[in-house]
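*Asks:* Residues 91 to 244 (our numbering) make up the sequence shown, in order.
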Amino acid sequence: MSRPPLPIGTWGSISTKVIKTDKNGKPVKHQSQTKFRDHDGHVRQVSAVGTSKTGAENALKKKLQDRARTNQSGELTAMHKVNHLLEVWEKRFGSLVADGTRSPTSLDTYRRALKNHVRPAFGAALSRYPRRRADSSQRCQRSPAIEPDCSCQA
Numbered sequence: 091m092s093r094p095p096l097p098i099g100t101w102g103s104i105s106t107k108v109i110k111t112d113k114n115g116k117p118v119k120h121q122s123q124t125k126f127r128d129h130d131g132h133v134r135q136v137s138a139v140g141t142s143k144t145g146a147e148n149a150l151k152k153k154l155q156d157r158a159r160t161n162q163s164g165e166l167t168a169m170h171k172v173n174h175l176l177e178v179w180e181k182r183f184g185s186l187v188a189d190g191t192r193s194p195t196s197l198d199t200y201r202r203a204l205k206n207h208v209r210p211a212f213g214a215a216l217s218r219y220p221r222r223r224a225d226s227s228q229r230c231q232r233s234p235a236i237e238p239d240c241s242c243q244a
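Here it is, written out as structure tokens:
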């Protein structure tokens, strides 16, 4: 059985190596590195340097914590279900219908498509899908159906 993937926003074990020594062979620069699973679902190598092994590890941990915090604002987290994402989208589109900028018929059509096609196909936590896929449900793809308050013209 294969190893489970890193959860989004986490990192693996940290390894540290000496990258520079002085004339006497004494280590003067260390590099720590690990693999980090970014919010787009891709695993990337992240590294940091320091004058000691502990300094390099601490610099890397700081870098990883900062990286894990980015893109964690908003109503959705990786633990939300796809159905929750759809509910958020429906509310936003419903408010546009109430404002008169979108047609109630469009909302009915989208709700029917969500009920008959989208919701039955999904339901797992958002962390099961790469962030790029999950975000595409909220970001403009040149379609008012996907992004109701889109300013671009298809």
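The C-beta atom is built at its ideal place from N, Cα and C for all residues, glycine as well.
With R157 as the anchor, note down where its alpha helix (DSSP H) starts and where it stops.
*Replies:* From DSSP, the alpha helix (DSSP H) with R157 extends over K143 to R159.
*Asks:* Ends of the alpha helix (DSSP H) at F183?
*Replies:* It spans V172 to D189 - the alpha helix (DSSP H) in which F183 sits, taken as one unbroken run.
*Asks:* By the 10 Å Cβ neighbour count, where 16 or more other Cβ atoms means buried, how is H120 classified, buried or exposed?
*Replies:* H120 comes out buried.
*Asks:* Relative to the alpha-carbon of G131, which residue among G99, K110, S137 and V108 has its alpha-carbon at the smallest distance?
*Replies:* G131 has its Cα closest to that of G99, out of G99, K110, S137 and V108.
*Asks:* Per DSSP, T111 is paired with what?
*Replies:* In DSSP, T111 forms a bridge with P117.
*Asks:* Exposed or buried, which one is A138 when buried takes at least 16 other CB atoms within 10 Å?
*Replies:* A138 comes out buried.
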